[in-house]
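Residue numbers (the numbering used here): 13 to 354.
Cβ atoms here follow ideal geometry from the backbone N, Cα and C, with glycine treated the same way.
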């Protein structure tokens, strides 16, 4: 919900009728096209909900509209994101290496096939064993359409034996989950905003220049550490079970290298046990950092992981890996496996 904050105390408190009128005026002003410019004929990419409180509508006229940023922090909209100088050498090398391997050329109607491994922290609270935490593991294959969302995809998984979470015993029920599932529908719904889409058709239309890609990573974000953290997570969303042309990959890595706070952290092991070199960004207030791992010689993307940096906040020893992935292969096929009806 959009919040209006820090309005000036000297503004008189308007009555209900004044508030309704001011709300409609503000809404009309935000939705109206710029003077002399035709309306864009494209789907609306976002909706802006306005909540007006007593005194806030009049304050917005005086102080300007303030909207909530990531995590609720206020910022003025729209924020302007100018790409700073890229400072992470590893990501620059990854950009230089993009395109050295054979490219896939997906066509509409085809499916991209991603084979990967993943490990995630799980909380359990069963009646028999009580509260516990453990690390679930799986090997997965997902078929995602070149030109559509995950609701048209197919997923098959192999649940692997779990690993213990530091300080907890693996609950008995967790060991019973091992086995194969699917092929099944990958998702019942996919309500991501348009600018968070990761299908090939959309990604192939993104800017091929670093500055334009940097601006895309910060779409509808404010400024500051929380916005930087979300932009960094957007990078991961475009790398995990996603594929884009070499030109966009180059731009993505160079743009990611300019996100404030990103740094190289040295050796890291992905979910498949492969050792690479990681770049990371600390998640504000979480006591964790998000890492993206690259092969040390080819600079190909291997996977990502989340590592505890502050034991008191994350409730696990520093250095604990609480999530990890490994991208094993990416391929193309004309059709996905059939899904059994429920």
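- Apart from sequence neighbours up to five positions away, the residues of its chain that approach residue 193 with a beta-carbon distance below 6 Å are 169, ordered along the chain.
- Secondary structure at residue 313: strand, using DSSP grouped into helix, strand and coil.
- Per the DSSP secondary-structure output, residue 207 pairs with nothing in a beta bridge.
- At least 8 Å separates the beta-carbon of residue 95 from that of residue 284.
- The three-state reading of DSSP puts residue 245 in helix, counting H, G and I together.
- Under the three-state reduction of DSSP, residue 217 is assigned to coil, being neither helix nor strand.
- DSSP, reduced to helix, strand and coil, places residue 346 outside both helices and strands of the structure shown, so it counts as coil.
- For the pair residue 209 and residue 107, the CB atoms are not nearer than the 8 Å cut-off.
- Using a Cβ distance threshold of 8 Å, residue 145 and residue 158 do not count as a contacting pair.
- It is roughly 25 Å from the alpha-carbon of residue 202 to the alpha-carbon of residue 268.
- Per DSSP, reduced to three states, the secondary structure at residue 180 is coil, with no helix or strand assignment.
- Here the C-alpha atom of residue 227 lies approximately 45 Å from the C-alpha atom of residue 138.
- Distance from residue 273 to residue 308 at the Cβ level is roughly 23 Å; contact not present, criterion being Cβ atoms closer than 8 Å.
- When secondary structure is reduced to three states using DSSP, residue 129 falls in the strand class.
- The continuous stretches of alpha helix (DSSP H) do not include residue 230, and DSSP gives it neither H nor E.
- When DSSP states are grouped into helix, strand and coil, residue 264 belongs to the helix group.
- Secondary structure note for residue 192: its beta strand (DSSP E) is the uninterrupted segment 191 to 197.
- Between the alpha carbons of residue 136 and residue 178 lies a distance of about 14 Å.
- In the DSSP assignment, residue 109 falls within the unbroken alpha helix (DSSP H) covering 101 to 109.
- For residue 342 against residue 331, the beta-carbon gap comes to about 30 Å, at or over 8 Å, which does not count as contact.
- In the structure shown, residue 212 falls within a helical segment according to DSSP collapsed to helix, strand and coil.
- DSSP lists 289 and 313 as the beta-bridge partner residues of residue 306.
- In this structure residue 213 is exposed. Its beta-carbon is surrounded by fewer than 16 other beta-carbon atoms within 10 angstroms.
- Looking at the DSSP output, residue 321 shares a beta bridge with no other residue.
- In this structure, DSSP gives residue 165 a state outside helix and strand, which the three-state scheme calls coil.
- Counting along the chain, residue 147 sits inside the beta strand (DSSP E) bounded by residues 142 to 157.
- The Cβ atoms of residue 247 and residue 229 sit closer than 8 Å to each other.
- With a cutoff of 8 Å on beta-carbon distance, residue 290 and residue 271 are scored as not near each other.
- The bridge partners DSSP lists for residue 138 are 142.
- Taking each of 262, 191, 188 and 128 in turn and checking the Cα distance to residue 219, the smallest one comes out for 262.
- For residue 280, the enclosing beta strand (DSSP E) stretches over residues 275 to 281.
- When secondary structure is reduced to three states using DSSP, residue 329 falls in the coil class, being assigned neither helix nor strand.
- The residues 299, in chain order, have a CB closer than 6 Å to that of residue 325 in the same chain once the five nearest residues on each side in sequence are set aside.
- Here residue 143 is exposed, its C-beta having fewer than 16 other C-beta atoms within 10 Å.
- Taking each of 98, 260 and 335 in turn and checking the Cα distance to residue 275, the smallest one comes out for 98.
- The beta carbon of residue 113 sits closer than 6 Å to none of the beta carbons in its chain outside the five residues before and after it.
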